[in-house]
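First to last, the protein sequences are chains A and B.
All letters in the first sequence, in the order written, are residues 1 to 216 by UniProt numbering.
All letters in the second sequence, in the order written, are residues 1 to 216 by UniProt numbering.
Glycine included, each C-beta is placed from N, C-alpha and C at the ideal position.
For reference, the structure is listed below as structure tokens.
Number of protein chains: 2
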Amino acid sequence: MADINVSASSRPAKGDPGVPARSGGLGEGDPLVDVIELFFFAYRNFVSDPDEILQGIGFGRAHHRVLHFVNRHPGMRVTDLLDILRITKQSLGRVLRELVDQGFIDSRAGASDRRQRLLHLTPKGEALAQQFVTLQSHRIRRALEECGPDSRETARRFLVAMIDPEDRGPVEKLIARADQQAEAKTSGASGKASPPAGGSLGATGNRPAPLVRPAG
Amino acid sequence: MADINVSASSRPAKGDPGVPARSGGLGEGDPLVDVIELFFFAYRNFVSDPDEILQGIGFGRAHHRVLHFVNRHPGMRVTDLLDILRITKQSLGRVLRELVDQGFIDSRAGASDRRQRLLHLTPKGEALAQQFVTLQSHRIRRALEECGPDSRETARRFLVAMIDPEDRGPVEKLIARADQQAEAKTSGASGKASPPAGGSLGATGNRPAPLVRPAG
DNA sequence: ACATTTATGTCAGCCATGTTGACTTTTTTC
DNA sequence: GAAAAAAGTCAACATGGCTGACATAAATGT
């Protein structure tokens, strides 16, 4: 409440730019560089939160990302994960193998389509993923509290608007779907070792909609 | 103005959380996971902007970061860069050598302390750095415009608040110092091949204050 | 004057995580 | 039964972190 001194570096907001919008008038000399750098420093701190834990078990950020999204989308296919992470099958395969071998992720053949490997977290994996979410949520919560009551929606809107327009829809759907599933799970049965009830993703039919980006 | 559909995934704001703040009541089941993920997707897009250009000249993101901060702090020392980037001398040395060899960065011995190598961008380097700033500023400007007139300060405050408390001061000072220098430069002489007037960093004496973090 | 510290650079090697390309197996779909 | 899809694998390579060990030049302290 008394630590934020943002205006220390900001020029007088909008009037009197000193230099009259040099060469083009769009995004060159304007003080948006500060936001570029704040984004860099903020994200670096943000991702460094889980690093300590990860290092203790010989994992890296790639493992974190996989754990996170499998946690959010229990029963997801490998292809779904590839669509979200946008890395190659080989890169994913490396970390996924370690996570399965060490008992953090459970990979079972799909019931309806036995080519698929449906990914679930083991209790061990869930505990770890929950640790990460808790850590990073603390940081976000603290930040939002310092920014006042309305900051949450503004921050959300800002982050969404920073995403490529063609990705926004899929990303928001992805988040919405995960939220719905989590809600259904907690309001339903006591919720452990969830049955693959009704095709855990997509749920529209045999071919669940891609989580992110239909094609590249 | 009509494209943002943030509320598609958000539960009814604050009341009726569905699950009554399970196990601890702080940052576990609360819908802050969406912000975690939005931050991930937003930052991925954000850093991918310059990638296309970088790939064309055989550079990577490490080169981008070096170019950016040398651009913002002309005449900075190698140590300053290390403090900001928080990587090892060896890692920095690799990309710095390439940037100097290929004529993007000029590395001159300091006048008062000839051990120092003061880093400046060449015109070629400046042009490239400016390209990156323009690209990323476009994204930010677009995002802020979509979020309304007050979003800029909120976004700034949010990003600052996401930074580790002990880093905020140094980071804000860093940004303020760069802004001041840029201002002085544009308002001063016609502004080319700037003289090392008055010790380009710190300016308090022989030992300029560290840009970020006095001690690792 | 000499010892120490500081700023920088460099060699060598390792690790994590991304990439491409080629190929296999299993299963589903047409 | 052919083609396509889901997954996995091997090999090789690139980027960009890391550690450890040194080397050199210049400033600083005694």
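Asked                                                                                                                                                                       : Found
Below 8 Å on C-beta distance, what does Glu146 (chain A) contact in chain B?                                                                                                : Arg157, Ala161
Take Asp179 (chain B) and list the residues in its own chain whose beta-carbon comes closer than 6 Å to its own, dropping the five residues that flank it on each side.     : none
If you compare alpha carbons, which of A:Asp167, A:Arg44, A:Val33, A:Pro31 is closest to Arg139 (chain A)?                                                                  : A:Arg44
When you compare the CB of Glu126 (chain B) with every CB in chain A, is at least one pair closer than 8 Å?                                                                 : no
Using the three-state DSSP reduction, which class does Arg114 (chain B) fall into: helix, strand or coil?                                                                   : coil
I'd like to confirm the pairing. Which residues does DSSP put opposite Asp179 (chain A) in its beta bridges?                                                                : Answer is none; Asp179 (chain A) lacks a bridge partner.
Measuring alpha carbon to alpha carbon, tell me which of A:Asp34, A:Phe41, A:Gln116, A:Arg72 ends up nearest Pro31 (chain B).                                               : A:Arg72
Tell me which residue opens and which closes the alpha helix (DSSP H) that Ile57 (chain B) is part of.                                                                      : No alpha helix (DSSP H) holds Ile57 (chain B); DSSP gives it neither H nor E.
List, in chain order, every chain A residue whose beta-carbon is nearer than 7 Å to that of Val171 (chain B).                                                               : Phe41
Return helix, strand or coil for residue 247 (chain A), following the three-state DSSP convention.                                                                          : The displayed coordinates of chain A run from 1 to 216. Any statement about residue 247 (chain A) would go beyond what the structure contains.
Can you grab the Cα-Cα spacing for the pair Ala13 (chain B) / Arg152 (chain B), in whole Å?                                                                                 : Low per-residue confidence applies at Ala13 (chain B): pLDDT is 38, beneath 50, and the placement is therefore not dependable enough to give any value.
If you reduce the DSSP assignment to three classes, tell me which class Ile84 (chain B) lands in.                                                                           : helix
Just verifying my parser: in three-state terms, what is the DSSP assignment at Asp34 (chain B)?                                                                             : helix
DSSP state of His120 (chain B), grouped into three classes?                                                                                                                 : strand
Relative to the alpha-carbon of Ser48 (chain A), which residue among A:Leu135, A:Ala155, A:Leu121, A:Arg177 has its alpha-carbon at the smallest distance?                  : A:Leu135
Along chain B, which residues have their Cβ under 8 Å away from the Cβ of Pro31 (chain A)?                                                                                  : Asp179
CA-CA distance, His63 (chain B) and Val33 (chain A)?                                                                                                                        : 17 Å
So what's residue 228 (chain B) in DSSP terms, helix, strand or just coil?                                                                                                  : With chain B covering 1 to 216 only, the question about residue 228 (chain B) has no answer from this structure.
Of all the residues that make up the region 127–142 of chain A, which are near chain B by a beta-carbon distance shorter than 8 Å?                                          : Gln130, Val133, Thr134, Gln136, Ser137, His138, Arg139, Ile140, Arg141, Arg142
Can you find the residues in the same chain that come closer than 7 Å, C-beta to C-beta, to Leu128 (chain A), ignoring five residues on each side of it along the sequence? : Leu67, Phe104
State yes or no: is the C-beta of residue 217 (chain B) within less than 8 Å of the C-beta of Leu118 (chain B)?                                                             : Any question about residue 217 (chain B) goes unanswered here, given that chain B covers just 1 to 216.
Out of curiosity, what's the CA-to-CA distance linking Leu82 (chain A) and Leu96 (chain A)?                                                                                 : 11 Å
Taking Val133 (chain A) as the reference, give the member of A:Gln181, A:Asp51, A:Ile36, A:Phe40 with the closest Cα.                                                       : A:Asp51
With burial defined as no fewer than 16 other Cβ atoms inside 10 Å of the residue's Cβ, what is the status of Glu172 (chain B): buried or exposed?                          : buried
When you compare the CB of Phe104 (chain A) with every CB in chain B, is at least one pair closer than 8 Å?                                                                 : no
Using a Cβ-Cβ cut-off of 8 Å, state whether Ser91 (chain A) counts as contacting chain B.                                                                                   : no
Beta-carbon of Thr79 (chain A) versus every beta-carbon of chain B: anything under 8 Å?                                                                                     : no
Is any beta-carbon of chain A found at less than 8 Å from that of Thr88 (chain B)?                                                                                          : no
Alpha carbon to alpha carbon, how far is Ala109 (chain B) from Phe40 (chain B)?                                                                                             : 40 Å
Find the nearest neighbour of Ile163 (chain B) within the set A:Pro74, A:Phe69, A:Ala42, judged by alpha-carbon distance.                                                   : A:Ala42
Does Asp106 (chain B) come out as helix, strand or coil in the three-state DSSP assignment?                                                                                 : strand
Just reading off the alpha helix (DSSP H) that Gly93 (chain B) is part of, what are its end residues?                                                                       : 89–101
Sorted by chain position, which residues of the same chain lie with C-beta nearer than 6 Å to Gln116 (chain B)'s C-beta, five sequence neighbours on each side aside?       : Arg77, Gly110
Is there at least one Cβ from chain A nearer than 8 Å to Val95 (chain B)'s Cβ?                                                                                              : no
Since Phe59 (chain B) meets chain A, which of its residues come closer than 9 Å, beta carbon to beta carbon?                                                                : What Phe59 (chain B) touches in chain A: nothing, since even the nearest Cβ is about 17 Å away.
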